[in-house]
Every structure is written in C-alpha cells, then in structure tokens.
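Colleague: The following block contains the structure, expressed as structure tokens.
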Amino acid sequence: MTRTFPHLSAILRAARKYGASDVHLVSGIPPAFRVSGEMIVGANVDPLTPDVLREILLATDAVRNLIREGKFHQIQNVIIS
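Counting from 1, position 66 in the sequence shown corresponds to residue 1199 in the working numbering; the numbering is continuous, with no gaps.
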C-alpha cells in the first residue's frame, strides 16, 4: 500500500514554485520559504496544525528511522537539514 502525504506534496510544490532553498514548518503558522535569503510566508495558506505537522514529519525517513530505533518518543522540536 502506497501512502500519500498531500500536505507535504503541496508544500514541496510551493517551494519549487518559489525557488526556495529552505522550507520552515512551525505549528500554528503557515509554511515559510527562504527565497534569495528572504523569508516568505505562504500566502492564502492555513496555519499548520500539530496533526498536519506530525503527518509531514512522519513522512520523512529520518524521523521514521529514529522512531523505529526507539530514539524518538515524542515529536516536539525537530530540525532536519
């Protein structure tokens, strides 16, 4: 069964559209993108809820591997470079 992550896909499409070098995801605010050194907050986008942010984080192999290895029990502050 293939899992899809619509929120993550939409954010990555927006990052590509803006030509962003970084994507910043924080619960309670819309996704932000670093474009040419400037931060741009996604326009007409709802703030990320904790559940949506958790879905996005769990879509990344790095976080899933940490959870599987028992090194990650609670998602709070995560920076993935």
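Glycine is no exception: its CB is placed at the ideal position from the N, C-alpha and C atoms. Predicted model, so just to flag it, every value in this text is computed and none were measured.
#1: Report the residue from Val1178, Arg1149, Leu1145 whose alpha carbon sits nearest the alpha carbon of Gly1161.
#2: Just tell me which of Arg1201, Leu1158, Leu1186, Pro1183 has its CA closest to the CA of Gly1175.
#3: Whole angstroms is fine: what's the gap from Asp1155's alpha carbon to Arg1197's?
#4: Enumerate in chain order the residues of its own chain whose CB-to-CB distance from Arg1201 is below 6 angstroms, with the five nearest sequence positions on each side excluded.
#5: To the nearest angstrom, report how far apart Ser1146 and Leu1181 are at their CA atoms.
Modeller: The short version:
#1: Nearest option by C-alpha distance: Val1178.
#2: Selected option, being the one with the closest Cα: Leu1158.
#3: When rounded, the distance between both Cα atoms is 21 angstroms.
#4: Excluding residues within five positions, none has a Cβ falling inside 6 angstroms.
#5: Note that residue 1146 corresponds to Arg in the displayed sequence, not to Ser. Our two residues, Arg1146 and Leu1181, have alpha carbons roughly 16 angstroms apart in a direct line.
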